[in-house]
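Each residue of the sequence shown is one higher than the one before, counting from 1419 in the numbering used here. Heads up, the beta-carbon is just placed ideally off N, CA and C, and yes, glycines get one too. Please read all numbers here as calculations on a predicted model, not as lab measurements.
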Amino acid sequence: KLAEARYQREVSGEDPVVLLDDVLSELDAERRRSVLEAVKGYQQVFLTTTSAELPSAAPLPAASFLVRDGQLITETP
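Listed below in structure tokens is the structure:
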């Protein structure tokens, strides 16, 4: 997905919206940091995770949302 986003950026000259669904759960800590470092250069990244905590390498500023019982809850950092 990151290679695809990079290609889209090169072809169009604009940042794509990057959508990453639960990409961190199967990665070790070093690879999670690498993924988060790679998305820092994009304007909009939507990342879903089953973990309530993101590694310290998470791009900031970031908005955090929680879905509980079908309700979307905005979390304050």
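Check	Outcome
Distance, Gln1426 Cα to Glu1448 Cα	26 Å
Sequence-distant residues of its chain with Cβ nearer than 7 Å to Pro1434 (five each side left out)	Ala1423, Gln1426 and Arg1427
Span of the beta strand (DSSP E), counted from its first residue to its last, around Leu1465	Val1463 to Thr1466
Selection from Ser1430, Val1429 and Ser1482 that minimises the alpha carbon distance to Thr1417	Because residue 1417 is not part of the residues shown, which for the chain are 1419 to 1495, the question remains open.
Cβ neighbours of Gln1489 in the same chain (closer than 8 Å, five flanking residues each side left out)	none
Neighbour flag for Leu1438 against chain D, beta carbons, 7 Å	The chain inventory of the structure shown lacks chain D, comprising one protein chain alone.
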